[in-house]
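Have a look at the structure below, then the notes.
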Amino acid sequence: MDDPDGGREAAQAIRSLIGGIVLNPGEKRGEVHISLRGELMGILDFAHTNGNKGETRFMTAGEAGPRNHLKLRSWIKA
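Counting from 327, one number per residue, gives the positions in the sequence shown under my numbering.
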């Protein structure tokens with residue numbers, strides 16, 4: 327993304343995978359729940375179902391459901 331030749335193209339490609347970002351307040355002060363919509367969620371879901379484990383926590387669309395904010399999964403950043 328920092329490459330002057332291909333950085334803009336890479337950033338645009340990543341942006342095109344994001345259909346929307348929804349922010350909802352959490353139960354605790356300062357807590358925010360973020361919902362990611364679009365093709366990028368499918369990529370994260372694919373990476374998660376292949377058994378990757380790590381520190382980044384997220385819920386895939388299938389796990390989250392409409393009101394589940396507690397079931398978190400881990401994924402390794404590439």
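Backbone N, C-alpha and C define an ideal beta-carbon position, used for all residues, glycine too.
Bounds of the beta strand (DSSP E) holding R363 are 358–363. Taking C-alpha positions only, E335 is separated from S342 by approximately 10 angstroms. Ranked by Cα distance from V348, the first of K354, I340, V358, A339 is V358. The three-state secondary structure of I340, taken from DSSP, is helix. Distance from the CA of I360 to the CA of A337, rounded to the nearest whole angstrom, comes to 21 angstroms.
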